[in-house]
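**Student:**
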Amino acid sequence: MKNKRRMVLPLALVLGLTLSSSAFAFSDTAGDPYEAQIRALEERGVVSGIGNDLFDPKGTMTSAQAVQLIVKGLGLNIDSLRFIKEPKASDSFDKVADNAWYAEAFVIAKLNGLPLDRSIDPNQPMTREQFAHLLVSAVNLEGPFPMIMMYINITDQDKLDPAYAGSIQQLLLTRLANLDKEGFFRPKDAVTRSEAAGMVHQAIGFLESHKKDHKPDNGSSSSTR
331 MKNKRRMVLP
341 LALVLGLTLS
351 SSAFAFSDTA
361 GDPYEAQIRA
371 LEERGVVSGI
381 GNDLFDPKGT
391 MTSAQAVQLI
401 VKGLGLNIDS
411 LRFIKEPKAS
421 DSFDKVADNA
431 WYAEAFVIAK
441 LNGLPLDRSI
451 DPNQPMTREQ
461 FAHLLVSAVN
471 LEGPFPMIMM
481 YINITDQDKL
491 DPAYAGSIQQ
501 LLLTRLANLD
511 KEGFFRPKDA
521 VTRSEAAGMV
531 HQAIGFLESH
541 KKDHKPDNGS
551 SSSTR
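So the mapping is simple: the numbering used here equals the position in the sequence shown, first residue as 1, plus 330.
(1) For residue 506, which of helix, strand or coil comes out of DSSP?
(2) Note down, one range per segment and in chain order, each alpha helix (DSSP H) of at least 4 residues found wholly within the region 359-383.
(3) Considering just the uninterrupted stretch of the alpha helix (DSSP H) at residue 393, what are its terminal residues?
(4) To the nearest angstrom, report how far apart residue 454 and residue 396 are at their CA atoms.
(5) Grab the span of the alpha helix (DSSP H) containing residue 421 for me, first residue to last.
(6) Assuming contact is defined by CB atoms lying nearer than 8 Å, are residue 435 and residue 427 in contact in what I supplied?
(7) Helix, strand or coil for residue 492? Go by DSSP, reduced to three states.
(8) Is the beta carbon of residue 301 sitting closer than 8 Å to the one on residue 503?
(9) Check whether the Cβ atoms of residue 505 and residue 532 lie closer than 8 Å to each other.
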């Protein structure tokens with residue numbers, strides 16, 4: 331699975347992105363808990379806001395925006411794949427139009443094995459647990475990673491979908507996100523644009539740090555497995 335994707339580049343060269351002259355100038359993120367992370371993603375060309383220099387940090391993130399953010403932020407691609415016919419979003423999704431602005435991101439996500447249901451509605455808000463599961467699945471394309479064998483107590487554990495529980499534990503153990511002061515994760519709440527940006531920023535840092543820490547020695551032998 332590793333050969334299907336690349337690490338995110340430090341330059342704004344992801345998915346043909348073109349930055350506007352108003353880059354690095356969101357006017358509505360001052361004081362947001364993830365202001366610095368949003369700014370960093372903006373400088374990388376990962377996020378571009380909703381227009382008029384606005385990011386709408388408290389706004390809910392749709393499934394379309396979430397998939398686009400994860401694909402762009404983590405630099406997922408299908409460059410190494412060859413096709414008899416061009417893959418289209420409608421091949422895999424019932425509600426994703428082939429000409430939608432997010433269609434390419436859905437195709438890339440699906441072909442990288444991310445867990446997206448055929449019936450996903452791109453216009454519906456994505457919950458925090460759904461976003462966590464999707465992001466961790468994308469991060470794990472570069473794995474496996476050494477993990478501390480411990481269990482983090484979550485106050486609202488009973489609200490978690492069991493299918494997402496493992497991903498949420500990994501999300502917390504790798505510090506891609508944190509519980510609130512009372513230990514709540516709020517899994518059923520819609521993820522906000524600010525929260526999603528914060529998690530993706532942490533994921534990029536985690537992957538870049540892991541890549542830096544695990545460079546092979548020039549003199550060491552390598553094996554394929």
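The beta carbon of each residue, even a glycine, is placed where N, CA and C say it ideally should be.
**Tutor:** In short:
(1) coil
(2) 365-374
(3) 393-403
(4) 10 Å
(5) 419-422
(6) no
(7) helix
(8) As shown, the chain starts at 331 and ends at 555. That puts residue 301 outside it, with no answer to give.
(9) yes
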